[in-house]
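Enquirer: Pasting a structure below so you can have a look.
Numbering (full-length UniProt numbering), first residue to last: 1 to 321.
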């Protein structure tokens, strides 16, 4: 019933249980709902993010529903209004393009942008001219504070005029407080962010008409290629949408499979099975070599193995790969 406010069926059940039985702790809530403590904890985290529940010492305090739910309802109504504004902006853009269209030559299908400075300057120009949508993949570690500050300066005007901004980051971003704060800021202003274990390349798509991809995915400092071909753009948008559908929204815990593995752990096993070293696997996941070793040690222990080789054999036997 409250799914329009960002609550799942489980979240709503936990919320009602906390309302009806404020004296219950985590274990008590799980017992009453007949579910595991991990599921209840995840729902409580989401309820905290929605400002419906506050952590109070070792327990939980429910914010008065009259105030909290009304605030969420107002936010949902604002999002609907913002979506309607984006639709109207899209209609206006289509009319403007149809009216202003002349027989000028089409832009080059591919243009080379040399070096990071030229790429950054052009991205700033595209951000200011974007009308409907900006999609991006960011397969790197957490951004520097100055980069996030510059991004806010460009994104806020775009969001205010109704541009839909969606970003996909790596799961490793969840370990960086500054990046999470930036994602929350984006969400507060209408942007959306998700994460996944790995990403194939860095990419930005503006209004489904221009895409920027690196000249060399392993050397982003070399610059980027600006693409205009409708066929290429369509393929890149389809890639983005596929990754978006498989990603986990920031604010939600990455789901685990039937073996208890999250996507990052599954991807680590796959990378190591494909012959990657700890260092190259860490680069793919944007985590340190030490983090790779720590994750692999935990997986090895869960498999009851005494070595990585034995862990690999056991993971294959259990069909974890």
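Yeah, the Cβ is synthetic: ideal placement off N, Cα and C, and Gly gets one too.
With distance defined between alpha-carbon atoms, name the residue in 172, 165, 203, 175 nearest to residue 185.
Expert: Working through the chain shown from its first residue, we reach residue 185 at position 185. For the residues 172, 165, 203, 175, the minimum Cα distance to residue 185 belongs to 165.
Enquirer: Could you tell me the alpha carbon to alpha carbon distance between residue 83 and residue 153, rounded to whole angstroms?
Expert: Taking the first residue of the chain shown as position 1, residue 83 is located at position 83. Taking the first residue of the chain shown as position 1, residue 153 is located at position 153. One C-alpha to the other measures close to 22 Å.
Enquirer: Return the CA-CA distance between residue 250 and residue 262, expressed in angstroms with no decimal places.
Expert: One-based indexing of the chain shown puts residue 250 at position 250. One-based indexing of the chain shown puts residue 262 at position 262. Near 15 Å, if we compare the C-alpha coordinates of residue 262 and residue 250.
Enquirer: Is it the case that the Cβ atoms of residue 116 and residue 197 are separated by a distance below 9 Å?
Expert: The residue given as residue 116 occupies position 116 in the chain shown. The residue given as residue 197 occupies position 197 in the chain shown. No.
Enquirer: Would you kindly report the start and end of the unbroken alpha helix (DSSP H) that includes residue 143?
Expert: By one-based count along the chain shown, residue 143 stands at place 143. Counting along the chain, residue 143 falls outside any alpha helix (DSSP H), and DSSP gives it neither H nor E.
Enquirer: Relative to the C-alpha of residue 230, which candidate in 210, 123, 257 has its C-alpha closest?
Expert: Working through the chain shown from its first residue, we reach residue 230 at position 230. Of the listed residues, the one whose Cα sits closest to residue 230 is 210.
Enquirer: So the candidates are 292, 180, 80, 313; which of them puts its Cα closest to the Cα of residue 144?
Expert: What you label residue 144 is simply residue 144 of the chain shown in a count that begins at 1. Residue 180 is the option with its Cα nearest to residue 144.
Enquirer: Skipping 5 residues on each side, what residues in its chain have a beta carbon closer than 7 Å to that of residue 172?
Expert: Indexing the chain shown from 1 puts residue 172 at position 172. Here the set comprises 141, 285, 286, 287.
Enquirer: Going by CA-CA distance only, name the one from 156, 148, 200 that's closest to residue 176.
Expert: For the purposes of this step, residue 176 is taken as residue 176 along the chain shown, with counting starting at 1. Of the candidates 156, 148, 200, the one whose C-alpha sits nearest the C-alpha of residue 176 is 148.
Enquirer: According to DSSP, is residue 230 helix, strand or coil?
Expert: Taking the first residue of the chain shown as 1, we reach residue 230 at position 230. Three-state DSSP puts residue 230 in a helix.
Enquirer: Let me know the secondary structure DSSP gives residue 264 once reduced to three states.
Expert: The sequence position of residue 264 within the chain shown is 264, counting from 1. Three-state DSSP puts residue 264 in a helix.
Enquirer: Leaving out five residues before and five after residue 217 in sequence, what residues of the same chain have Cβ atoms less than 6 Å from its Cβ?
Expert: Counted from its first residue, the chain shown places residue 217 at position 217. Here the set comprises 201.
Enquirer: Since residue 133 is in the beta strand (DSSP E), which residue starts that stretch and which ends it?
Expert: As a first step, residue 133 must be located in the chain shown, where it is residue number 133. That run of the beta strand (DSSP E) goes 133-137.
Enquirer: Enumerated in chain order, which unbroken segments of the alpha helix (DSSP H) with a length of 4 residues or greater are wholly contained in the segment 154-203?
Expert: Counting only runs of 4 or more, we get 177-188.
Enquirer: Quick check on DSSP: helix, strand or coil for residue 285?
Expert: Reading the chain shown from its first residue, position 285 is the one you call residue 285. Three-state DSSP puts residue 285 in a helix.
Enquirer: For residue 299, which three-state DSSP category applies?
Expert: Mapped onto the chain shown, residue 299 falls at position 299. Reduced to three states, the DSSP call for residue 299 is helix.
Enquirer: Which residues mark the beginning and the end of the alpha helix (DSSP H) in which residue 120 is found?
Expert: Start at 1 with the first residue of the chain shown, and residue 120 comes out as number 120. Residues 115-129.
Enquirer: Could you pull out every residue in the same chain whose Cβ sits closer than 7 Å to the Cβ of residue 208, ignoring the five residues on either side in sequence?
Expert: Stepping through the chain shown from its first residue, residue 208 is reached at position 208. If we look at residue 208 and ignore the five residues flanking it on each side, its Cβ neighbours are 133, 233, 237.
Enquirer: Kindly indicate the opening and closing residues of the beta strand (DSSP E) around residue 315.
Expert: The count along the chain shown starts at 1 and reaches residue 315 at position 315. From DSSP, residue 315 is part of no beta strand (DSSP E) but of the alpha helix (DSSP H) over 308-317.
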